[in-house]
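Below is one structure, written out as structure tokens; comments come after it.
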Amino acid sequence: MQPEPNSFYLFATMKNFTALFTEIDHTTKTLDKTKALAAYFAQASDQDKLWAMALLSHRRPKRTVNASLLAQWATALSGLPVWLFEESYHTVGDLAETITLLLPPPQEQSDYSLTHWINYIKALESTDIEGKKEKILWAWDRLTEEERFVFNKLITGGFRVGVSQQLMVKALARYSKVKENVLAHRLMGNWSPEQGDFQQLVFSEETSDISRPYPFYLAYALEDTTEGLGDPLQWQAEWKWDGIRGQVIVRERQLFVWSRGEELVTDKYPEYEAFINLLPDGTVLDGEILPFKDFSPLTFQHLQTRIGRKTISAKLLKEVPVAFVTYDLLEWQGQDVREWKLEDRRKKLEAVILPLNNPVLRLSPVVDFTSWQELTDMRLRSREFLSEGIMLKRKESIYRDGRRKGDWWKWKVDPFTIDAVMIYAMSGHGRRANLYTDYTFAVWDGNQLVPFTKAYSGLTDEEIGKVDRWVKQNTMERFGPVRSVKPELVFELAFEGIQKSTRHKSGIALRFPRIKRWRHDKPASEANHLSDLVKLLDRK
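Read in order, the letters of the sequence shown correspond to residues 120 to 659 in the working numbering.
Here you go:
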């Protein structure tokens, strides 16, 4: 049953969305965020609801005004000299916030809706520069400081808020009384606020979108021992592959390939066109887009050479062919089978994939084991199989949506580590704009330090404060926002993979580097050497 809008429905404006943004941004409590979102859905118009859902799902309006023009107009309006505006921008670290802080108070008030302002921003695309300036100044003069901040975030393309898709679905379910798993599925795919209808999207059981994927079921990292999982025979183990999670959909003799980021990537993988004839209508597979050559997976760095390319050359198709390694069956003969037990879905998946014997459509093999110790030993050999570790799935589990604890776990192999010297520091962004949080690290090559990677995560706020003070006291040179520092601080870095690279002076590129710990106990002279990284290339 559809909820009736309350008496505040007709008065929901940009102010209401701004209040929602502020409330969400100022709390870390999931329950408070859920309540705030549900309250907003109860008071907003259907079109504003759609735009709020879109923005929270990272479907932002296209950027229509150049950032340098916005800075130029805001500088003139603020009455500040250019150097002072630029210094303020450097200190704040965010253009939208800088403009908001420096503009004079508005002269008028407005009660336009969120949808009005979104359409206002979109209409600027076909306007000349003078027209854009006039309209931007008009808007700034009619929005409160809080509304300006949201408006500026929208127009600069930097709108982000701490709400996951799962939390947004939870709030929408609370408002609409539609089950979360049903909503999560309805909000996947190609819907948009411009062409969408809120009532149709949220409440209708019918859909004309044959490309619509299912929400991905995501695993939590296993940090405790496997002994707490009970009987090992109740679990299915697979290798954890390092590719791009995706879904292959064949419906009405058409193929659709979705990435986990809800991007339709069918055209990027022409190898998959054969699936139209291999798979029956009404089939949806969950799996990994993985570079695969000579019966062996390649590294993620190989796959990166294809990501972002508008066209894939014949040469690249030959050098980095791609397979789809299937994990799960989500739809069979047009029926949603996510409620089937994993062991039943797996049996059907094997019956579908194995007889095809196709090198592009592969089945992710099950790792056989009878005890946790046996699986522990297998996990230690993960890199021999070019795998990141082990996936553990309870055999009786259904296929759920989002990240859930209990039935699916990822048990990654321990990362590589190296001790390195910090040689450069750069200020961060947002709330860390006044702190040096982004660091460049080097290892020894003979008597010289050679930079080889950057990292900016892993330290506590207290440690960041200490490093920041040290950087300011030990700067040797400045290059804009970057400071060259005395090569004294040593940090242990962790990373998932290592690859040869012609783009880096060190000849090395790391995958997911981060700071594991600050090595107060080590002088710079005891940091690792480039030869140690080269040795890791042979172990990966």
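Even for Gly, the Cβ is constructed at its ideal location relative to N, Cα and C.
Buried versus exposed, by CB contacts within 10 Å (16 or more), residue i
i: Ile363; result: buried
i: Tyr208; result: buried
i: Gln284; result: buried
i: Arg305; result: buried
i: Asn185; result: exposed
i: Gln121; result: Note that Gln121 scores 46 on pLDDT, short of 50, meaning its location in the model is unreliable and no value can be drawn from it.
i: Met497; result: buried
i: Pro200; result: exposed
i: Lys359; result: buried
i: Glu407; result: buried
i: Gln162; result: buried
i: Lys168; result: buried
i: Gln166; result: buried
i: Pro632; result: buried
i: Val566; result: Residue identity check: residue 566 is Asn in the sequence provided, not Val. Classification of Asn566: exposed, given that the 10 Å Cβ count is below 16.
i: Asn135; result: buried
i: Asp580; result: exposed
i: Arg597; result: exposed
i: Lys241; result: exposed
i: Lys387; result: buried
i: Gln314; result: exposed
Minimum C-alpha distance to residue i - residue among the options
i: Phe411; options: Asp520, Val444, Lys434; result: Val444
i: Ala195; options: Met172, Leu352, Leu222; result: Leu222
i: Ala433; options: Pro389, Asp260, Leu568, Gln454; result: Pro389
i: Ser327; options: Gly308, Trp358, Asp405; result: Gly308
i: Glu381; options: Asp587, Gln166, Ser644, Ser176; result: Ser176
i: Leu214; options: Phe278, Glu227, Gly198, Asp165; result: Phe278
i: Leu189; options: Leu243, Ala574, Ile426; result: Leu243
i: Lys251; options: Ser187, Val297, Glu216; result: Ser187
i: Asp247; options: Thr183, Leu286, Gly198; result: Thr183
i: Val609; options: Pro642, Leu220, Ser625; result: Pro642
i: Phe160; options: Gln567, His145, Gln318; result: Gln318
i: Arg522; options: Leu337, Thr219, Arg513; result: Leu337
i: Lys437; options: Tyr446, His421, Gly427; result: His421
i: Trp589; options: Thr219, Met545, Ala574; result: Met545
i: Arg372; options: Thr594, Ile240, Val403, Glu469; result: Val403
i: Asp400; options: Tyr446, Val439, Asp455; result: Asp455
Residues of its chain near residue i, where Cβ-Cβ distance is below 6 Å and the 5 sequence neighbours each way are ignored
i: Leu417; result: Pro410
i: Lys531; result: Glu507, Gly508
i: Leu578; result: Ile634
i: Gly599; result: none
i: Ala442; result: Leu409, Phe411, Val479, Arg481
i: Arg379; result: Phe335, Arg364
i: Ala173; result: Pro312
i: Thr234; result: Gln166, Asp167, Trp170
i: Phe127; result: The pLDDT assigned to Phe127 is 39, lower than 50, so where the model puts this residue is not dependable, and the model offers no usable value.
Residues sharing a beta bridge with residue i, DSSP
i: Arg513; result: Trp354
i: Trp637; result: Phe610
i: Lys254; result: According to DSSP, which records beta bridges pairwise, Lys254 is partnered with nothing at all.
i: Asn231; result: In the sequence as presented, Asn is not what sits at residue 231; that position holds Tyr. Answer by DSSP bridge pairing: none, since Tyr231 is not bridged.
i: Phe375; result: Ile368
i: Gln423; result: Its beta-bridge partners do not exist; DSSP assigns none.
i: Gln618; result: Ala628
i: Ala340; result: Lys529
i: Pro410; result: Val441
i: Pro570; result: Ala561
i: Trp451; result: Gln454
Residues of its chain near residue i, where Cβ-Cβ distance is below 7 Å and the 5 sequence neighbours each way are ignored
i: Lys467; result: Leu448, Trp451
i: Lys524; result: Tyr339
i: Phe375; result: Ser330, Ile368, Leu383, Thr385
i: Leu656; result: Ile617, Lys619
i: Trp310; result: Leu320
i: Ile143; result: Lys152, Ala155, Val280, Gly281, Val282
i: His639; result: none
i: Tyr231; result: Thr132, Met133
i: Thr263; result: Pro225
i: Thr149; result: Leu286
i: Thr146; result: Lys152
Contacting residues, own chain, Cβ-Cβ under 8 Å from residue i (five flanking each side not counted)
i: Trp302; result: Reading off the sequence, residue 302 comes out as Leu, not Trp. Answer for Leu302: Val288, Leu291, Ala292, Ser295, Val321, listed in chain order.
i: Thr345; result: Pro351, Trp491, Leu494, Thr495, Leu511, Trp530
i: Val569; result: Ala561, Val562, Trp563, Lys624, Ser625, Leu649
i: Glu582; result: Trp637
Proximity test, residue i beta-carbon vs the ligand MG heavy atom, cut-off 7 Å
i: Arg293; result: The model on display carries no ligand, and the ligand MG is accordingly not part of it.
Please confirm if the segment 454 to 471 is in contact with the segment 517 to 527, defined as three or more CB-CB distances below 8 Å between the two stretches. yes
Measuring CB atoms only, is the segment 395 to 402 touching the segment 349 to 362, in the sense that at least three cross pairs come out at less than 8 Å? no
Please confirm if the segment 535 to 549 is in contact with the segment 483 to 497, defined as three or more CB-CB distances below 8 Å between the two stretches. no
If we count Cβ pairs, one from each stretch, closer than 8 Å, do we get three or more for the segment 254 to 269 versus the segment 197 to 214? no
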